[in-house]
Amino acid sequence: MELILAALLGYFFGAIPFGLLLTKAAGLGDVRKIGSGNIGATNVLRTGNKGLAAGTLLLDALKGFAPVLAAGLIWHGDMSDVAKAFAAGGAVIGHCYPIWLGFKGGKGVATNAGVAFGLAWPIGVAYAAVWVSLLAIFRISSLSGMAAVVAATAAAALFGFPQFFPVLAAIAVLIIYLHRENIGRLMKGEEPKVGSDK
Numbered sequence: 000m001e002l003i004l005a006a007l008l009g010y011f012f013g014a015i016p017f018g019l020l021l022t023k024a025a026g027l028g029d030v031r032k033i034g035s036g037n038i039g040a041t042n043v044l045r046t047g048n049k050g051l052a053a054g055t056l057l058l059d060a061l062k063g064f065a066p067v068l069a070a071g072l073i074w075h076g077d078m079s080d081v082a083k084a085f086a087a088g089g090a091v092i093g094h095c096y097p098i099w100l101g102f103k104g105g106k107g108v109a110t111n112a113g114v115a116f117g118l119a120w121p122i123g124v125a126y127a128a129v130w131v132s133l134l135a136i137f138r139i140s141s142l143s144g145m146a147a148v149v150a151a152t153a154a155a156a157l158f159g160f161p162q163f164f165p166v167l168a169a170i171a172v173l174i175i176y177l178h179r180e181n182i183g184r185l186m187k188g189e190e191p192k193v194g195s196d197k
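Shown next as structure tokens:
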């Protein structure tokens, strides 16, 4: 029951659709009706408002970080890391499948960045380093995001956090699955770059 509560804590944090809320509050309409139809920062950027995109990115990361941190504070001892892992998984699932939007959300990359830092800062640093560096080089959001989730999984194993490897591996599989259309476009050389209007 405690682990279910930890997962639900993560889920309801993760299910807050910040991208949609911010664009509507700014009078830019429903972000799901433009670009990819996604509620994440990359699609919010297609509104032309860089500030809203940055805000979405930060808030989506925060909603991954906050429940993991909270789970670590609520549950102690042997339960702490397990509860953090369940909260982490719940947060990403909540972002990707929010109950408020008919279970149609984003792809989880920014939320998983917050999760990575919440689980252990070395995992978060590895995530951010790969994400930012590949984004700067290739300017392809999907490619950098997928590489980052794999990097976080590897970092858990390499940096002494094997207890978080299973949940990060599961999250990586989910996020890569949600990027399956992007993978198809990458293979064809048709994936749009950050800043394009596609």
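Be aware that the sequence shown starts at 0, since it is given in numbering that gives the first Met the number 0, and climbs by one per residue.
All C-beta atoms, glycine included, are put in the ideal place defined by N, C-alpha and C.
Query                                                                                                                                                                                                : Result
Could you check the C-alpha separation between A5 and P97 for me, to the nearest Å?                                                                                                                  : 17 angstroms
On the premise that V193 lies in contact with L44, defined as a C-beta separation below 8 angstroms, what is that separation, rounded to the nearest angstrom?                                       : 7 angstroms
Assuming P66 is part of the alpha helix (DSSP H), what are its boundary residues?                                                                                                                    : 49 to 73
Distance, Cα to Cα, A24 vs H94?                                                                                                                                                                      : 19 angstroms
Would you identify the three-state DSSP class for F160, choosing helix, strand or coil?                                                                                                              : coil
Pick out whichever of A147, A86, K62, G113 has its Cα sitting closest to the Cα of L2.                                                                                                               : A86
Is DSSP giving T110 helix, strand or coil here?                                                                                                                                                      : helix
Starting from the C-beta of A156, find all residues in its chain whose C-beta is less than 7 angstroms away, skip the five residues before and the five after it, and write them out in chain order. : F164
Are the CB atoms of G159 and A115 nearer to each other than 9 angstroms?                                                                                                                             : no
Could you tell me the distance, in whole angstroms, from the CA atom of I174 to the CA atom of L167?                                                                                                 : 10 angstroms
Excluding sequence positions up to five away, which residues of its chain have a Cβ less than 7 angstroms from the Cβ of A169?                                                                       : G88
Counting only beta-carbon atoms, is E190 nearer than 9 angstroms to chain B?                                                                                                                         : Going by chain labels, chain B is absent from the structure shown, which holds only one protein chain.
Going by beta carbon distance, what residues of the same chain come within less than 8 angstroms of F137, once the five residues before and after it are set aside?                                  : S143, K192
Let me check understanding here. Comparing Cα to Cα, which of A135, Q162, A127, L21 lies closest to A147?                                                                                            : A127
Quick one: is G17 buried, meaning 16 or more other Cβ sit within 10 Å of its Cβ, or exposed?                                                                                                         : This sequence places Phe at residue 17; Gly is not what is there. That one is buried.
For W96, name the three-state secondary structure that DSSP assigns.                                                                                                                                 : Sequence check: residue 96 is Tyr here, not Trp. If DSSP states are grouped into helix, strand and coil, Y96 belongs with coil.
Taking a contact to mean a Cβ-Cβ separation below 9 angstroms, would you say L27 touches T46 in this structure?                                                                                      : yes
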